Amino acid sequence: LEELQNMDEVEIVQHIKDLAIQLLVSKKDDVPIEVYNEFLKVIMLRVIDTYWMRHIDAMSELRQGVRLQSYGQQNPLIIYQREGKRMFDEMRYNIAKDISRYAALGRIQLNVSREAVVKNTSTNQGEDAGKQRRNRPKRVHRNQLPWNRR
79 LEELQNMDEV
89 EIVQHIKDLA
99 IQLLVSKKDD
109 VPIEVYNEFL
119 KVIMLRVIDT
129 YWMRHIDAMS
139 ELRQGVRLQS
149 YGQQNPLIIY
159 QREGKRMFDE
169 MRYNIAKDIS
179 RYAALGRIQL
189 NVSREAVVKN
199 TSTNQGEDAG
209 KQRRNRPKRV
219 HRNQLPWNRR
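Laid out in structure tokens, this is it:
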């Protein structure tokens, strides 16, 4: 603690970064590289997915809110772009912060299997999309009586 009191702000930040790097290097040295890479991959994917989904929802809300700005004699496109850029930058900062925090504080466990989670989030139904069969009831033509159906 005395050591930190004699440092200025820039030196304290650098000291903390050095400690974090030492912590990550020690974690990396304690386990096989494949396990360490999987650990980082899981953290990154989870954090990015969480923040990206929030960002998409927030942008949708922003789009709805910006429509009201046109009544206030303001250009809604400019407001949407400016606010969207600010929100995106904030999301990137939060992603970097959380990845760093979880990587530093997380514990690496060996021999833990992960289940693959696949979500179909596509909105386009291309040739890659799974084909679904629909069970449609047989049509009754106007001249066909219900008891004469085939």
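Throughout, the numbering used here is defined as the position within the sequence shown, counted from one, plus 78.
Where a beta carbon is used, it is the ideal one built from N, C-alpha and C, also for glycine.
Please read all numbers here as calculations on a predicted model, not as lab measurements.
A direct Cα-to-Cα measurement between Tyr158 and Asp167 gives close to 14 Å. DSSP places Leu183 in the helix class (H, G or I) of the three-state scheme.
Scanning its chain for C-beta atoms nearer than 8 Å, with the 5 sequence neighbours on each side dropped, one finds around Ile121 the residues Ile177, Tyr180, Ala181, Gly184, in chain order.
Excluding the 5 residues flanking it on each side, Arg145 has same chain C-beta neighbours closer than 7 Å at Pro154, in chain order. In the DSSP assignment, Met131 falls within the unbroken alpha helix (DSSP H) covering 111-147. Tyr171 counts as exposed, since fewer than 16 other beta carbons sit within 10 angstroms of its beta carbon.
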